[in-house]
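Trainee: Take this structure first; my questions come after.
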Amino acid sequence: MSTSPKEKDELTEIVRAISGEDAEPSKTLDLTKYRHLYGQDIGKILLQSASLKPEHLAEALAIKQEQGGDEDTLIETLLKKKWTTEAQILQALAIQLNVPLGDLKNLRADLDTSLVAKIPINFAKRFILVPIEKKGRNYTVAISSRKALSAIDDLKILLKSDIKAVLAPKSEIIDAINRVYNQATRANENLNQDLMEDLEAQNLENMNLIETQDLLESEDEAPIIRLVNALLFQAVKDRASDIHIEPGEKDLSVRLRIDGVLFEVMKPPKKAQNSISSRIKIMAQLDIAEKRIPQDGRIRIRIGGRDVDIRVSTLPTTYGERIVMRLLDTSNVVLDIKDLGFDATQQEHIKKIINLNHGIFLVTGPTGSGKTTTLYACISRINSRELNIITVEDPVEIQLAGIGQIQVNQKVNLTFASGLRSILRQDPDVIMVGEIRDLETAEIAIQASLTGHLVFSTLHTNDAPSTVTRLIDMGVEPFLVSSSLVAVMAQRLARRVCKDCREPYKPTPQELTEIGITTEQAQRVVIYRAKGCSTCSQTGYRGRLGIYELMPIDETLRGLILKAADGNTIKKAAVELGMLTLRQDGANKVLEGATTIEEVLRITQEELGFD
3 MSTSPKEKDE LTEIVRAISG EDAEPSKTLD LTKYRHLYGQ DIGKILLQSA SLKPEHLAEA
63 LAIKQEQGGD EDTLIETLLK KKWTTEAQIL QALAIQLNVP LGDLKNLRAD LDTSLVAKIP
123 INFAKRFILV PIEKKGRNYT VAISSRKALS AIDDLKILLK SDIKAVLAPK SEIIDAINRV
183 YNQATRANEN LNQDLMEDLE AQNLENMNLI ETQDLLESED EAPIIRLVNA LLFQAVKDRA
243 SDIHIEPGEK DLSVRLRIDG VLFEVMKPPK KAQNSISSRI KIMAQLDIAE KRIPQDGRIR
303 IRIGGRDVDI RVSTLPTTYG ERIVMRLLDT SNVVLDIKDL GFDATQQEHI KKIINLNHGI
363 FLVTGPTGSG KTTTLYACIS RINSRELNII TVEDPVEIQL AGIGQIQVNQ KVNLTFASGL
423 RSILRQDPDV IMVGEIRDLE TAEIAIQASL TGHLVFSTLH TNDAPSTVTR LIDMGVEPFL
483 VSSSLVAVMA QRLARRVCKD CREPYKPTPQ ELTEIGITTE QAQRVVIYRA KGCSTCSQTG
543 YRGRLGIYEL MPIDETLRGL ILKAADGNTI KKAAVELGML TLRQDGANKV LEGATTIEEV
603 LRITQEELGF D
């Protein structure tokens, strides 16, 4: 695939227009300058426009041939391997197909639902296309691949109009499809009214509820099904981690936990309580007739093309069953330690720890602080064909390729302890125990680490130093803790301040003192506080990042552990050796502009009085 000097010069111009992973395609790319490249193999274009290495292209072509795929397979491989970016692919496709780049502002705006009135959602999702504008009889349709271009003729028949295609990122088009088709369905606020009418007409408790492959494609008109589907879709769209359905004496409240904070989003009629409960139980394969005891189940669904795993817990209360659903968007899980919010020093420590041959690495913190995600990221980092990695979890939250994962099952006496014993007979190199809950599990994990295994696990303590005293209080001998423990890390999840509406301000001396930031430090950077806008649903925050207290165990700390020193003594020694406390690491995140003083103080309040 040789490229002439003239082509190189022209393609270099494209390269300059691409500024990296987050770059948006330029609308002003003059395609007439590249007429001689129309229809050329996309690999030839990418070798120059994306600085693609020939050996990477050769490997991607081999994968394409092995899978019997087409050009889309080649592109997916290049993106998956991170050998090129979506923005660079779009630039190359624009030249190859002679299709202009679209305006992402139009794509991200609230689209008119009349644009998709005649287009089935299955058609839009199969070809990944969506109309974004209409002028007279002419439609502008956003596409992301050659396959979608082939569907334009069908679209002309569907819409009985002329079609102009523009290129846009696949992820942006999928997001637009989900938004506009969700708006095109009956609005959520009308569901309660429909529900009341239907409840008066029939007994919904015995309704035959039908599961759909993708909730957005559901054509079921049953109000209960539409209500639950709408709730699940809203939860995924708003990035909620949990859904709480809470019955009161005369009402029913639905709340979503977004970035760690609960917000009420819906108040269905009290009459619908049993029907909603039954619908969710059927989806989770629970006993709908049993309302006297707690039940646990699991739902696996697709929403807007995204795989979502939901853990369901029901609990009988005075006014009916309380339901909590924990959502895990398996397509959006961070599994790389460099993306978890560690600073450079912490990253280096983590890399050394996870590459040890033996020892125990404990991650601590309250429920929902991201402990399991951190351990998954550590395991994914070292996962290779040379290592036998086995986990025992309750439950298995993310399926990891190449790793043996065991689900705890109390009904057959498969506990963390019994599962761990069985793992040791499977010749493992690395073991992950979901949680150390008792002395038996702790002792087996420690013995495993002393016999040449690297063990990862979690524990519920407020900070890293108190983990040592917790193990000793459980009954583990201090000399065993001292000889097996290689590091302990406490963590919390802080909300990220919204970049669209955050506002700079000058903190008061009291605020600076409380968080541990000096006046000189505050003067050298911009410190922000939350405000609120439509992007962050008026909360002032969007997304979360980790705050860490990493305590590697060196000889000094081993000596203190051997003497069964208290937590405060160990903490003081660890700080002197360079450990950042949770609040200190949070202060660094404030100085970086990632979060706010108020947020760090909120999640590290347990430190008050112990510093």
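Those letters in the sequence shown? Residues 3 to 613, per the numbering used here, in order. Where is the CB? At the ideal position from N, CA and C, for every residue including glycine.
If I measure Cβ to Cβ from leucine 564 and keep anything under 7 Å in the same chain, skipping five residues before and after, which residues do I get?
Mentor: Position 562 of the sequence shown, counting from 1, holds the residue named residue 564. Excluding sequence neighbours, leucine 564 sits near Pro480, Phe481 and Ser484.
Trainee: I need the straight-line Cα distance from isoleucine 301 to leucine 317, nearest angstrom please.
Mentor: Mapped onto the sequence shown, residue 301 falls at position 299. Mapped onto the sequence shown, residue 317 falls at position 315. Answer to the nearest angstrom: the Cα atoms are 17 Å apart.
Trainee: Throw me the rounded Cβ distance for the serine 459 and methionine 434 pair, which I believe falls under 8 Å.
Mentor: The residue labelled residue 459 in the question sits at position 457 within the sequence shown. The residue labelled residue 434 in the question sits at position 432 within the sequence shown. Going by Cβ atoms, the distance from serine 459 to methionine 434 rounds to 7 Å, so yes, they are a contact pair.
Trainee: Roughly how far, in whole angstroms, is the beta-carbon of valine 1 from the beta-carbon of threonine 583, given that I think they are within contact range, below 8 Å?
Mentor: Residue coverage of the chain in this structure runs from 3 to 613, which leaves residue 1 outside it and unanswerable.
Trainee: Mind checking aspartate 341: buried by the 16 CB within 10 Å criterion, or exposed?
Mentor: In the sequence shown, counting from the first residue as 1, residue 341 sits at position 339. Exposed is the call here.
Trainee: Which residues mark the beginning and the end of the alpha helix (DSSP H) in which proline 56 is found?
Mentor: As a first step, residue 56 is located in the sequence shown; it is residue number 54 there, counting from the start. Per DSSP, proline 56 belongs to the alpha helix (DSSP H) from 56-69.
Trainee: Have a look at Thr347, Ala589, Lys573 and Pro554 and flag the residue whose alpha-carbon is nearest the alpha-carbon of threonine 521.
Mentor: Mapped onto the sequence shown, residue 521 falls at position 519. Here the closest residue by C-alpha is Ala589.
Trainee: Keeping to the same chain, check which residues put their C-beta closer than 7 Å to that of alanine 444; ignore five residues upstream and five downstream.
Mentor: Your numbering for residue 444 matches position 442 in the sequence shown. So the qualifying residues of the chain are Ile438, Leu473, Met476 and Val478.
Trainee: For glycine 250, does the three-state DSSP call read helix, strand or coil?
Mentor: Mapped onto the sequence shown, residue 250 falls at position 248. In the structure shown, glycine 250 sits in coil (DSSP, three-state: anything other than H, G, I, E or B).
Trainee: Have a look at valine 310 and glutamate 88 and give me their C-alpha separation to the nearest angstrom.
Mentor: Walking along the sequence shown from the start, residue 310 turns up at place 308. Walking along the sequence shown from the start, residue 88 turns up at place 86. One C-alpha to the other measures close to 24 Å.
Trainee: Between glutamate 174 and leucine 106, how many whole angstroms is the CB-CB distance? I'm expecting something under 8 Å.
Mentor: Walking along the sequence shown from the start, residue 174 turns up at place 172. Walking along the sequence shown from the start, residue 106 turns up at place 104. For glutamate 174 against leucine 106, the beta-carbon gap comes to about 6 Å, under 8 Å, which counts as contact.
Trainee: What separation, rounded to the nearest whole angstrom, lies between the Cα atoms of phenylalanine 129 and glutamate 135?
Mentor: Indexing the sequence shown from 1 puts residue 129 at position 127. Indexing the sequence shown from 1 puts residue 135 at position 133. Roughly 18 Å separates the two Cα atoms.
Trainee: Return the chain-ordered ranges of every alpha helix (DSSP H) run that is complete within the stretch 130-194 and spans a minimum of 4 residues.
Mentor: 148-151, 154-161 and 172-186
Trainee: Only counting the same chain, and skipping five residues up and downstream in sequence, which positions put a Cβ closer than 8 Å to that of threonine 469?
Mentor: Along the sequence shown, one-based indexing puts residue 469 at 467. Here the set comprises Leu364, Thr366, Leu461, Thr463, Val490 and Ala492.
Trainee: What first and last residue would you give for the alpha helix (DSSP H) that runs through valine 478?
Mentor: On the sequence shown, residue 478 is found 476 positions in, with the first residue counted as 1. That residue, valine 478, is in no alpha helix (DSSP H); it is neither H nor E in DSSP.
Trainee: With 16 as the cutoff for other CB atoms within 10 Å, does glutamate 350 come out buried or exposed?
Mentor: Numbered from its first residue, the sequence shown carries residue 350 at position 348. That one is exposed.
Trainee: Take the Cβ of isoleucine 303 as the centre, count every other Cβ of all protein chains shown within 10 Å, and call the residue buried at 16 or more, exposed below.
Mentor: By one-based count along the sequence shown, residue 303 stands at place 301. Isoleucine 303 is buried by the Cβ-count criterion.
Trainee: Using 8 Å as the threshold, is the stretch 509-518 in touch with the stretch 371-385, meaning 3 or more CB pairs across them?
Mentor: Cβ pair count under 8 Å is below three, so no.
Trainee: State the Cα-Cα distance for the pair leucine 233 and isoleucine 179, rounded to the nearest angstrom.
Mentor: Sequence index remark: in the sequence shown, residue 233 carries index 231 (1-based). Sequence index remark: in the sequence shown, residue 179 carries index 177 (1-based). Answer to the nearest angstrom: the Cα atoms are 18 Å apart.
Trainee: Whole angstroms is fine: what's the gap from arginine 423's alpha carbon to isoleucine 362's?
Mentor: Working through the sequence shown from its first residue, we reach residue 423 at position 421. Working through the sequence shown from its first residue, we reach residue 362 at position 360. Those two C-alpha atoms are separated by around 16 Å.
Trainee: Is it right to say asparagine 359 is buried, meaning 16 or more other beta carbons lie within 10 angstroms of its own, or is it exposed?
Mentor: Start at 1 with the first residue of the sequence shown, and residue 359 comes out as number 357. It is exposed - the Cβ of asparagine 359 has fewer than 16 other Cβ atoms within 10 Å.
Trainee: Beta-carbon separation of arginine 313 and valine 230 under 8 Å?
Mentor: Here residue 313 refers to the residue found at position 311 of the sequence shown. Here residue 230 refers to the residue found at position 228 of the sequence shown. No, they are not a contact pair.
Trainee: Would you check if the distance between the CB atom of arginine 546 and the CB atom of leucine 495 is smaller than 8 Å?
Mentor: Against the sequence shown, residue 546 aligns to sequence position 544. Against the sequence shown, residue 495 aligns to sequence position 493. Yes, the pair counts as a contact, with Cβ atoms nearer than the cut-off.
Trainee: List the DSSP bridge partners of arginine 308.
Mentor: Here residue 308 is taken as the residue at index 306 of the sequence shown, counted from 1. Answer is Ile305, bridged to arginine 308.
Trainee: Looking at the structure shown, is glutamate 395 part of a helix, part of a strand, or coil, going by DSSP?
Mentor: Working through the sequence shown from its first residue, we reach residue 395 at position 393. The answer is strand: DSSP assigns glutamate 395 an E or B state.
Trainee: Just grab the DSSP bridge partners of asparagine 411 for me.
Mentor: For the purposes of this step, residue 411 is identified with residue 409 of the sequence shown, where counting begins at 1. Paired residues: Leu416.
Trainee: For the stretch 259-271 and the stretch 532-548, state whether three or more C-beta atom pairs, one from each stretch, are separated by less than 8 Å.
Mentor: yes
Trainee: Serine 53: buried (16+ other C-beta within 10 angstroms of its C-beta) or exposed?
Mentor: Numbered from 1 along the sequence shown, position 51 holds the residue referred to as residue 53. By the 10 Å Cβ count, serine 53 comes out exposed.
Trainee: State the Cα-Cα distance for the pair isoleucine 176 and serine 315, rounded to the nearest angstrom.
Mentor: Within the sequence shown, residue 176 is the residue found at index 174, counting from 1. Within the sequence shown, residue 315 is the residue found at index 313, counting from 1. Cα to Cα, isoleucine 176 sits roughly 31 Å from serine 315.
Trainee: Taking DSSP's pairing of strands, which residues face valine 365 in a bridge?
Mentor: In the sequence shown, the residue the question calls residue 365 occupies position 363. As computed with DSSP, valine 365 is found in a beta bridge with Thr460 and Met491.
Trainee: Considering glycine 2, what are the terminal residues of the beta strand (DSSP E) in which it resides?
Mentor: Look at the range of the chain in this structure, 3 to 613, and you will see that residue 2 is not part of it.
Trainee: Using a threshold of 8 Å, state whether the C-beta atoms of lysine 158 and aspartate 164 are closer than that.
Mentor: Counting from 1 along the sequence shown, the entry for residue 158 is found at position 156. Counting from 1 along the sequence shown, the entry for residue 164 is found at position 162. Yes, these two residues count as a Cβ contact at 8 Å.
Trainee: Thinking C-beta only, is threonine 417 closer than 8 Å to glycine 569?
Mentor: Taking the first residue of the sequence shown as position 1, residue 569 is located at position 567. Taking the first residue of the sequence shown as position 1, residue 417 is located at position 415. No, the Cβ-Cβ distance between glycine 569 and threonine 417 is not below 8 Å.
Trainee: So, helix, strand or coil for leucine 603, using DSSP?
Mentor: Walking along the sequence shown from the start, residue 603 turns up at place 601. Note: leucine 603 maps to helix in three-state DSSP.
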